[in-house]
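Per this note's numbering, the sequence shown starts with residue -2, numbered consecutively.
All residues carry an ideal CB built from backbone N, CA and C; glycine is no exception.
These numbers were taken from a predicted model, which means no experiment stands behind them.
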Amino acid sequence: MSQEQAEQLMQQMQMLETYFADLSQREGTFLSVFREAAAAIESIKSLSKNPESDTLVPIGLGTYIPTKISSNSKIILNIGAGVAVEKDFTSAINYLEERIKEIEIAIQDTAAKKQDAAQRLEQGKAQVNQLMQAMQQHGQSPKSG
């Protein structure tokens, strides 16, 4: 393997590491959204059983106001692009469950891409190790970049 090929391999490894880190961050975001959607569904179900209940409403920086919820079986859902719609409890739960299905698919896709990137990183590390051994056997030292 030539010095140029070794440098290309190192660049590919750096790009793969960046890609892997990006995938890990995406996976974390998807998991966070998944948990949030699941919690929203549980909250809606709880409200349907006990429509008038006490709760805390966040007002910022970890500050809350105690309040009473007097639900009329309607939920306001942000559906994206600054658009919110009013839905009944059942429709809101159905909407959120559909989003959860989409998130599960995204998590699975991201996990598969992470696994592929990890395998490619391992292959690249093996190639780098072989290159280093070959250079040591021939009395060469790797060029520092």
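Inter-stretch contact (C-beta, 8 Å, three-pair minimum) for the region 1 to 17 and the region 80 to 89: no
Limits of the alpha helix (DSSP H) - the one that Asn47 falls within: Careful: Asn47 lies outside any alpha helix (DSSP H) and carries neither H nor E.
Of the residues Gln124, Lys98, Pro63 and Lys42, the one placed nearest Phe86, counting alpha carbons only: Lys42
Limits of the unbroken alpha helix (DSSP H) element including Ala115: Phe86 to Gln134
Sub-7 Å separation of Thr107 and Arg23 beta-carbons: Against a cut-off of 7 Å, the Cβ pair of Arg23 and Thr107 comes out as a contact.
DSSP beta-bridge partners of Val30: Partner(s): none; Val30 has no beta bridge.
Other residues of its chain near Gly142: CB distance less than 8 Å, five sequence neighbours each side excluded: Unreliable placement is indicated for Gly142, whose pLDDT of 49 sits below 50; the coordinate value is still reported in the next sentence. Excluding positions up to five away in sequence, the list reads Glu4 and Met7.
Nearest-angstrom Cα separation, counted from Arg96 out to Ser68: 23 Å
Whole-angstrom distance between Lys111 and Ala36, CA atom to CA atom: 27 Å
Proximity of Ile66 and Ser40 at Cβ, strictly below 7 Å: Against a cut-off of 7 Å, the Cβ pair of Ser40 and Ile66 comes out as no contact.
Beta-carbon proximity of Leu118 to Ala34, cut-off 7 Å: no
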